[in-house]
Amino acid sequence: MPTRTTTEQLTRAAITLLAALLLSAPAGAQTSLFDAHLHYNAEQREAIAPGKILDILESNGIEHAVITSTPPKNAHELAQLAPGRIVPFLGVYRTRADKERWMHQPELPERVTGWLEDGNYRGIGELHIFGRDRNSPVLERLVRIAAERELVLMIHGDLAIIDRIFAIEPQSQVLWAHLGADPDPTILRAALARHPHNLFIDTSVRDERFLDQNGQLRPEWRALFLDHPNRFVVGVDTYSLPRWRRFGEVAATIRRWLNQLPPSVARRIGRENARELLLDPLALDHLPPALPPERR
């Protein structure tokens, strides 16, 4: 009987302690994320002030964020306001039409060089380009500019473009947007096999491709994330003004599917891979080592 009484007392004490810890946790506490794909274009700047953008990131637990913009000064402005949080990428478009014709503008590389001299950018992009334009001299020059300056290229394109970039400059650092042009685990496995070191892939706006109707990771995508835990990053992708309005909803969806992965893999994809790719190496001494592939 004394043993039972002692056990019951210890059990009640443990339950009381657990409840106290749960009650004392900060309200709204959430896992920090590194958002590797955001836009802050002219129409968004008119509607949402820079300070409000920073409030959105703070309230949604975004510890760091890649921001690209048209015009480029918008991203640079945010980075000046919050240099410890914003990672600015140089958006090279002056108008919406440039999205489809930049690769045919021979004067663009010189303009990009000038912009890079005026701002402390960590990358170039988002660049929209597909296999039919893979031999563009403008693309080749931008790839070489990025490599010379050790900048990351954010690419919205197909596998033919990814292959071409690494053929031009094998040491390129590439952030492949949206799980590629045609999200397919087989294609992504092939890409990662061919480019195992400097290719990173963001999952932005593709949640519905790898989640089922119940919000669960589809087996083939879960297997891909577990086999390549060091090569994926997340992003909300605020490609439109309504996307900023829905930021919290999208960020919550990202956290839900990350929580279905082992904690070490979720941390890698949700934050640590992007930190290692995009932040100053001197600030990364405390990060855990890269993970080996995990088996299901």
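By the count of the working numbering, the sequence shown reaches residue 307 at its end, each step adding exactly one. Cβ coordinates follow ideal geometry from the N, Cα and C atoms, glycine included. Quick caveat: nothing in here was measured; it's all calculated off a predicted structure.
Residue i, DSSP secondary structure in three states
{"i": "residue 208", "result": "coil"}
{"i": "residue 186", "result": "strand"}
{"i": "residue 141", "result": "coil"}
{"i": "residue 180", "result": "coil"}
{"i": "residue 259", "result": "helix"}
{"i": "residue 37", "result": "Unreliable positioning characterises residue 37 in this predicted model, as indicated by a pLDDT of 41, which lies under 50. A coordinate reading is not provided."}
{"i": "residue 46", "result": "strand"}
{"i": "residue 101", "result": "strand"}
{"i": "residue 247", "result": "coil"}
{"i": "residue 228", "result": "strand"}
{"i": "residue 199", "result": "helix"}
{"i": "residue 129", "result": "helix"}
{"i": "residue 213", "result": "strand"}
Which listed residue (the options) has its alpha carbon closest to that of residue i
{"i": "residue 104", "options": "122, 91 and 87", "result": "122"}
{"i": "residue 142", "options": "134, 166, 136 and 133", "result": "166"}
{"i": "residue 134", "options": "117, 90 and 68", "result": "90"}
{"i": "residue 97", "options": "46, 112 and 107", "result": "46"}
{"i": "residue 106", "options": "81, 117, 261 and 115", "result": "81"}
Same chain only: Cβ atoms within 7 Å of residue i, ignoring 5 sequence neighbours per side
{"i": "residue 59", "result": "255"}
{"i": "residue 221", "result": "228, 229 and 232"}
{"i": "residue 136", "result": "79, 100, 164, 165 and 166"}
{"i": "residue 199", "result": "190, 191, 212 and 235"}
{"i": "residue 126", "result": "83 and 101"}
{"i": "residue 72", "result": "41, 42, 43 and 44"}
For residue i, the first and last residue of its enclosing beta strand (DSSP E)
{"i": "residue 89", "result": "Per DSSP, residue 89 belongs to no beta strand (DSSP E); it is in the alpha helix (DSSP H), 83-92."}
{"i": "residue 163", "result": "163-167"}
Close-in-space but distant-in-sequence residues of the same chain around residue i (CB under 6 Å, 5 per side omitted)
{"i": "residue 179", "result": "151 and 154"}
{"i": "residue 85", "result": "51 and 56"}
{"i": "residue 130", "result": "87"}
Own chain partners of residue i with C-beta closer than 8 Å, once the 5 adjacent residues on each side are dropped
{"i": "residue 217", "result": "189, 190 and 194"}
{"i": "residue 36", "result": "Because the pLDDT at residue 36 is just 37, under 50, the model does not fix this residue reliably, and the value given afterwards should be weighed accordingly. Taken in chain order, the list of residues that qualify is empty."}
{"i": "residue 226", "result": "264, 267 and 268"}
Limits of the alpha helix (DSSP H) - the one that residue i falls within
{"i": "residue 79", "result": "From DSSP, residue 79 is part of no alpha helix (DSSP H) but of the beta strand (DSSP E) over 73-79."}
{"i": "residue 64", "result": "61-70"}
{"i": "residue 148", "result": "148-160"}
{"i": "residue 108", "result": "First-last for residue 108: undefined, no H or E at that position."}
- Message: Does the stretch 48-63 come into contact with the stretch 232-243, if we say contact requires no fewer than three beta-carbon pairs (one atom in each stretch) closer than 8 Å?
- Response: By the C-beta criterion, the stretch 48-63 is judged not to be in contact with the stretch 232-243, since fewer than 3 inter-stretch pairs fall below 8 Å.
- Query: Does the stretch 203-210 come close enough to the stretch 61-79 that 3 or more CB-CB pairs lie under 8 Å?
  - Reply: no
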